[in-house]
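*Asks:*
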Amino acid sequence: MTTDTDTNSTGRPAVGSGATLPTGKRRTGRRGAGGAPGGAPDTGRPGITGRRLAAWAAGLAGVLLLVLLPLLNISLPGVLPGPSYTPGSLQLLAMCMLMAAAALTYHLLLGVAGLLSFGHALYFGAGVYGLAIILQNLDIPLLPAMGLTLLVVIVLAHVVGSISLRVSGIPFAMVTLAFAQAGSVIVGRNPDGKTGGDEGLTLRTDNLPDFLVGVVNTRNLYWLALAVLVAVFVIVTWVQSSRAGHAAAAVRENELRVRVLGLQPYLVKLLIFVLSAILVSVIGMVFLLLQSGAIPRAISSDLTITLLVMVVLGGVGSRWGAVIGGVFYTILDQRLTALANSEAVRSLPDILRVPLSEPLFILGTLFILVVLFLPGGLAGTAERLGRRRRGRAGNGGAETPREILEDAA
Amino acid sequence: MSTVILLLFTGLGLGALYFLVAAGLSLIYGLMGVLNFAHGAFLTLGAFTGWEIARRAGSDNWGIFLLSLIIGAAAGAAFAAFTEFVLIRRLYQRHIEQVLITLGLSLATVALFDGIWGTDPVYIQGPAWFKDTTDILGARIPNDRFVCIVAAVMVLLALVYFLKKTRYGMIIRAGVENRSMVTALGIDVRKAFTLVFTIGGAAAGLGGVLASHYFGYVSPMLGGSLLIFAFIVTVIGGLGSLTGAAIAAVAVAVLQQFANFYLGGTGDFVVVLALALVLLFRPSGLLGRTA
Numbered sequence: 000m001t002t003d004t005d006t007n008s009t010g011r012p013a014v015g016s017g018a019t020l021p022t023g024k025r026r027t028g029r030r031g032a033g034g035a036p037g038g039a040p041d042t043g044r045p046g047i048t049g050r051r052l053a054a055w056a057a058g059l060a061g062v063l064l065l066v067l068l069p070l071l072n073i074s075l076p077g078v079l080p081g082p083s084y085t086p087g088s089l090q091l092l093a094m095c096m097l098m099a100a101a102a103l104t105y106h107l108l109l110g111v112a113g114l115l116s117f118g119h120a121l122y123f124g125a126g127v128y129g130l131a132i133i134l135q136n137l138d139i140p141l142l143p144a145m146g147l148t149l150l151v152v153i154v155l156a157h158v159v160g161s162i163s164l165r166v167s168g169i170p171f172a173m174v175t176l177a178f179a180q181a182g183s184v185i186v187g188r189n190p191d192g193k194t195g196g197d198e199g200l201t202l203r204t205d206n207l208p209d210f211l212v213g214v215v216n217t218r219n220l221y222w223l224a225l226a227v228l229v230a231v232f233v234i235v236t237w238v239q240s241s242r243a244g245h246a247a248a249a250v251r252e253n254e255l256r257v258r259v260l261g262l263q264p265y266l267v268k269l270l271i272f273v274l275s276a277i278l279v280s281v282i283g284m285v286f287l288l289l290q291s292g293a294i295p296r297a298i299s300s301d302l303t304i305t306l307l308v309m310v311v312l313g314g315v316g317s318r319w320g321a322v323i324g325g326v327f328y329t330i331l332d333q334r335l336t337a338l339a340n341s342e343a344v345r346s347l348p349d350i351l352r353v354p355l356s357e358p359l360f361i362l363g364t365l366f367i368l369v370v371l372f373l374p375g376g377l378a379g380t381a382e383r384l385g386r387r388r389r390g391r392a393g394n395g396g397a398e399t400p401r402e403i404l405e406d407a408a
Numbered sequence: 000m001s002t003v004i005l006l007l008f009t010g011l012g013l014g015a016l017y018f019l020v021a022a023g024l025s026l027i028y029g030l031m032g033v034l035n036f037a038h039g040a041f042l043t044l045g046a047f048t049g050w051e052i053a054r055r056a057g058s059d060n061w062g063i064f065l066l067s068l069i070i071g072a073a074a075g076a077a078f079a080a081f082t083e084f085v086l087i088r089r090l091y092q093r094h095i096e097q098v099l100i101t102l103g104l105s106l107a108t109v110a111l112f113d114g115i116w117g118t119d120p121v122y123i124q125g126p127a128w129f130k131d132t133t134d135i136l137g138a139r140i141p142n143d144r145f146v147c148i149v150a151a152v153m154v155l156l157a158l159v160y161f162l163k164k165t166r167y168g169m170i171i172r173a174g175v176e177n178r179s180m181v182t183a184l185g186i187d188v189r190k191a192f193t194l195v196f197t198i199g200g201a202a203a204g205l206g207g208v209l210a211s212h213y214f215g216y217v218s219p220m221l222g223g224s225l226l227i228f229a230f231i232v233t234v235i236g237g238l239g240s241l242t243g244a245a246i247a248a249v250a251v252a253v254l255q256q257f258a259n260f261y262l263g264g265t266g267d268f269v270v271v272l273a274l275a276l277v278l279l280f281r282p283s284g285l286l287g288r289t290a
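Residue numbers (numbering that gives the first Met the number 0), protein chains in the order written: chain S, 0 to 408; chain W, 0 to 290.
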């Protein structure tokens, strides 16, 4: 957190001064490359502080608890549908972890490289549909099928990335959206009956290992999802603290300056773009196994927007924020759907019943409120509260996510 | 030959709808740098408002149809002005957060429309003349296409007149060109922001009513599906350029129709391909300023 202390809270540029010229962007490198406000800062090269060690220890303990969860009998009424060892609860928790992992890959795009992509679902969907179609049509075991899908995703991400990175900022958002939409349309059109159209595809289980099939084995899938989340977290942490991650963060802050230094912003951005596409496609493959089917929603732009909402809810620029946002959103979505179908809501008068029976209405409104009033998201707010309790001055933590967002423009 | 003409007019009708959405998007982006995801919601609200009027006051009537156009446009304009005034205004100069706000708004409103009008499409009927066809060079063109085209051309002319001849139009054009200079001259650009949002919302609301007649139904997803193509049109035409949006809207829609017919339903795919080509060879769009 040493990097945040010299953040001046009044550092907004005067109206219009830096609006058009990239060189006019404020700040002369006064924060480190990563700037993750929540949990684990990645720029603390000089010496590992006690807090950082404590954060990692807490993380490890949490993972250990999650590993043991299917063997325990823990009830969380209102959060989980049943005791923690039941398949329903494990399914929901596994979904939370996959969504948290997917949000982490989106964090890699937006929080690290400042790329506001609206086409991330394309690669998630490519993982889901690619693996489903390959398993359906080819008689090969799971791992080679996953490898083949990965190959397709790598090519796809390179093609789309190299075209859409020719523009940046908002145009980049629009272009990635268009590509993702093309993918979504193709899936909806159901060419040769391969994608199943609106119905989706059911997973063919002939070539799958037995321990991944069936409701009885939900806890294996749960452990798989947990492993994916931990792996993605470690990889994202590693990328953020690598040279490429630092270069990407520098590109986000001031592309021109990076170019003057002799680095190539385009290649750095493409690297991050492809890497996050690969990671999210693997998550998509596990999602397919967990859901035992491919659904059109997995490739729709709604999913990208969901990931964006998770990242913003959790706090832009923070890895823990992305994880918390993913879990929080998934559980809230599930609970609100249950609420919408409950008797209590059905008996309300129309003016209350209609908004309350639409989970997305509540989530959308919540999202607007967070953007307006809690710019740091959940993680940023928690950190600000913690800071206030320790009596430290300054609200620099809240400013950082805003700056990251502005860098993406 | 008659097929070509039919496709051409269907494409022009669709292009008219694209233009009505893209015009507002392009102006809003050009002036404020905001990518307005809620634009589809303005359109859907206009469409549902028009549908409610037709349902309550009788559909087979030109007067009612014109009324539904006006009220639909007014609903879109009011919603857009509200959005700008209450939500966007708090976050000036924070472009991405403005985008996020419009995104949240589109999520929330689509869900709300789902709750009010249901997820299934509701079918709409216009004056009986809409169902007839007009014979042009052997092609039988459904009449609702002409209504869309005429309306879009009128909106285009009105917008061009407004932008070129009126004081506020000039402020908007100057703002698109160089906002900081306009501010430095002591002009309050914020009024222009609200105005641009209102105009864009009105055009989208009008487009919504027309789209409901063009497609024959209204659904909460109507705005979202048109919005994606409007985004493509805006990028191809050049962000901030009204003429570019008009040209690109027609080009994209006609291309889409022809590809759908001759290349086995690949229209959407061809449009994305066209977008990729434009980006490769002219990243700023057809009539966009060179970045």
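Just so it is clear, CB atoms sit at the ideal spot from N, CA and C, and this is done for glycine as well.
What you are looking at is a predicted structure, and each value in this text was computed from that prediction instead of being measured.
1) Using the rule of at least 16 other Cβ atoms within 10 Å of the residue's Cβ for burial, across every protein chain shown, is Gln263 of chain S buried or exposed?
2) Ala37 of chain W by DSSP, collapsed to three states: which one?
3) Could you list which residues in chain W have their beta carbon closer than 8 angstroms to that of Met173 of chain S, in chain order?
4) Quick one: is Phe366 of chain S buried, meaning 16 or more other Cβ sit within 10 Å of its Cβ, or exposed?
5) Using only the alpha-carbon positions, how far apart do Leu114 of chain S and Ser179 of chain W sit?
6) For a contact meaning CB atoms closer than 9 angstroms, what does Arg89 of chain W contact in chain S?
7) For a contact meaning CB atoms closer than 7 angstroms, what does Gly375 of chain S contact in chain W?
8) Per DSSP, which one or two residues make a beta bridge with Leu75 of chain S?
9) At least one CB of chain S closer than 8 angstroms to the CB of Leu99 of chain W: is that the case?
10) Using only alpha-carbon positions, find the residue among S:Arg165, S:Asp138, S:Leu79 and S:Tyr122 that is nearest to Leu149 of chain S.
11) Taking beta-carbon pairs under 8 angstroms, can you tell me which members of the segment 99 to 128 of chain W lie near chain S?
12) Going by the CB atoms, is the gap between Tyr213 of chain W and Leu16 of chain W shorter than 8 angstroms?
13) Helix, strand or coil for Asp59 of chain W? Go by DSSP, reduced to three states.
14) In the structure shown, what three-state DSSP assignment does Tyr91 of chain W receive?
15) Name the chain W residues that come within less than 9 angstroms of Phe178 of chain S, Cβ to Cβ?
16) Please list, in chain order, the residues of the segment 62 to 89 of chain W that have any C-beta partner in chain S closer than 9 angstroms.
17) Could you tell me whether the Cβ atoms of Gly71 of chain W and Gly207 of chain W are closer together than 8 angstroms?
18) Just how far apart, CA to CA, sit Ala60 of chain S and Ala230 of chain S?
19) Might you give, ordered along the chain, the residues of its own chain that have their beta carbon closer than 6 angstroms to the beta carbon of Ile87 of chain W, omitting 5 neighbours on each side?
20) Taking only runs that begin and end inside the segment 102 to 152 of chain S, name each unbroken alpha helix (DSSP H) of 4 or more residues, in chain order.
21) Going by CA-CA distance only, name the one from S:Cys95, S:Pro190, S:Arg318 and S:Pro170 that's closest to Val78 of chain S.
22) Who are the neighbours of Tyr28 of chain W on chain S, taking C-beta pairs under 8 angstroms?
23) Does any residue of chain W have a CB that is nearer than 8 angstroms to the CB of Ala343 of chain S?
24) Since Ala22 of chain W contacts Ala202 of chain W with CB under 8 angstroms, what's their CB separation in whole angstroms?
25) Counting beta carbon pairs with one atom in the segment 45 to 54 of chain W and one in the segment 24 to 31 of chain W, are three or more of them shorter than 8 angstroms?
26) Could you compute how far the alpha carbon of Ala107 of chain W sits from the alpha carbon of Gly125 of chain W?
27) Which class does Val121 of chain W belong to by DSSP, given the choice of helix, strand or coil?
28) Closest Cβ-Cβ distance between Phe18 of chain W and chain S: below 8 angstroms?
29) May I ask you to report which of helix, strand or coil DSSP gives Asp143 of chain W?
30) Which bits of chain W does Arg188 of chain S rub up against, with CB to CB less than 8 angstroms?
31) Mapping the DSSP letters down to three states, classify Asp187 of chain W as helix, strand or coil.
32) Could you give the DSSP three-state label for Val217 of chain W: helix, strand or coil?
33) Terminal residues of the continuous alpha helix (DSSP H) containing Thr236 of chain S?
34) From the DSSP output, in three-state form, read off Gly266 of chain W for me.
35) Distance, Cα to Cα, Arg281 of chain W vs Pro358 of chain S?
36) Would a check of beta-carbon distances place Arg251 of chain S closer than 8 angstroms to chain W?
*Replies:* Looking at the coordinates:
1) Sequence index remark: in the first sequence, residue 263 of chain S carries index 264 (1-based). Its Cβ having fewer than 16 others within 10 Å, Gln263 of chain S is exposed.
2) Counting from 1 along the second sequence, the entry for residue 37 of chain W is found at position 38. DSSP places Ala37 of chain W in coil when its eight states are reduced to three.
3) Here residue 173 of chain S refers to the residue found at position 174 of the first sequence. Those are Leu34, Phe230, Ile231, Thr233 and Val234, listed as they occur along chain W.
4) Position 367 of the first sequence, counted from the first residue, corresponds to residue 366 of chain S. Buried, because 16 or more other Cβ atoms sit within 10 Å of the Cβ of Phe366 of chain S.
5) Stepping through the first sequence from its first residue, residue 114 of chain S is reached at position 115. Stepping through the second sequence from its first residue, residue 179 of chain W is reached at position 180. So the two alpha carbons sit approximately 26 angstroms from each other.
6) The residue labelled residue 89 of chain W in the question sits at position 90 within the second sequence. Ordered by position in chain S, the residues that pass the 9 angstroms Cβ test against Arg89 of chain W are Leu371.
7) By 1-based counting over the first sequence, the position of residue 375 of chain S is 376. The contacting residues do not exist; Gly375 of chain S stays about 12 angstroms from chain W at best.
8) The sequence position of residue 75 of chain S within the first sequence is 76, counting from 1. DSSP lists no partner for Leu75 of chain S.
9) Along the second sequence, one-based indexing puts residue 99 of chain W at 100. Yes, because at least one Cβ of chain S sits closer than 8 angstroms to the Cβ of Leu99 of chain W.
10) Counting from 1 along the first sequence, the entry for residue 149 of chain S is found at position 150. Ranking the options by Cα distance to Leu149 of chain S, first place goes to S:Tyr122.
11) Leu99, Ile100, Leu102, Gly103, Leu104, Ser105, Leu106, Ala107, Thr108, Val109, Ala110, Leu111, Asp113, Gly114 and Ile115
12) Counting from 1 along the second sequence, the entry for residue 16 of chain W is found at position 17. Counting from 1 along the second sequence, the entry for residue 213 of chain W is found at position 214. Yes.
13) Translated into the one-based positions of the second sequence, residue 59 of chain W becomes position 60. The answer is coil: DSSP assigns Asp59 of chain W none of H, G, I, E or B.
14) For the purposes of this step, residue 91 of chain W is identified with residue 92 of the second sequence, where counting begins at 1. Of the three classes helix, strand and coil, the one that applies to Tyr91 of chain W here is coil, per DSSP.
15) The residue given as residue 178 of chain S occupies position 179 in the first sequence. Going along chain W in sequence order, the residues near Phe178 of chain S (Cβ under 9 angstroms) are Val271, Leu274 and Ala275.
16) Leu86 and Arg89
17) By one-based count along the second sequence, residue 71 of chain W stands at place 72. By one-based count along the second sequence, residue 207 of chain W stands at place 208. Yes, they are a contact pair.
18) If you number the first sequence from 1, residue 60 of chain S lands on position 61. If you number the first sequence from 1, residue 230 of chain S lands on position 231. Computed Cα separation, rounded: 16 angstroms.
19) For the purposes of this step, residue 87 of chain W is taken as residue 88 along the second sequence, with counting starting at 1. Contacts found: Gln97.
20) 120 to 136
21) Indexing the first sequence from 1 puts residue 78 of chain S at position 79. Looking from the CA of Val78 of chain S, the closest CA among S:Cys95, S:Pro190, S:Arg318 and S:Pro170 belongs to S:Cys95.
22) Working through the second sequence from its first residue, we reach residue 28 of chain W at position 29. By Cβ distance, chain S contributes Ile169.
23) If you number the first sequence from 1, residue 343 of chain S lands on position 344. Judged by the 8 angstroms Cβ criterion, Ala343 of chain S is not in contact with chain W.
24) Walking along the second sequence from the start, residue 22 of chain W turns up at place 23. Walking along the second sequence from the start, residue 202 of chain W turns up at place 203. Indeed they touch by this definition, with Cβ atoms about 5 angstroms apart.
25) no
26) Numbered from 1 along the second sequence, position 108 holds the residue referred to as residue 107 of chain W. Numbered from 1 along the second sequence, position 126 holds the residue referred to as residue 125 of chain W. Straight-line measurement puts the Cα of Gly125 of chain W at about 29 angstroms from the Cα of Ala107 of chain W.
27) Within the second sequence, numbered from 1, the residue matching residue 121 of chain W stands at position 122. Residue state, collapsed to three classes: strand.
28) Residue numbering aside, residue 18 of chain W sits at position 19 when the second sequence is read from its first letter. Output row for Phe18 of chain W: interface = no.
29) In the second sequence, residue 143 of chain W corresponds to position 144, counting from 1. Three-state result, Asp143 of chain W: helix.
30) Taking the first sequence and counting its residues from 1, one reaches residue 188 of chain S at position 189. Correct list: Gly264.
31) For this step, residue 187 of chain W is matched to residue 188 along the second sequence. Coil.
32) Here the question's residue 217 of chain W lines up with position 218 in the second sequence. Residue state, collapsed to three classes: strand.
33) Taking the first sequence and counting its residues from 1, the one referred to as residue 236 of chain S is at position 237. Thr217 to Ser240 is the extent of the alpha helix (DSSP H) around Thr236 of chain S.
34) Taking the second sequence and counting its residues from 1, one reaches residue 266 of chain W at position 267. Residue state, collapsed to three classes: helix.
35) By 1-based counting over the second sequence, the position of residue 281 of chain W is 282. By 1-based counting over the first sequence, the position of residue 358 of chain S is 359. Approximately 42 angstroms, taken between the alpha carbons.
36) Residue 251 of chain S sits at position 252 when you count from the first residue of the first sequence. Not an interface residue.
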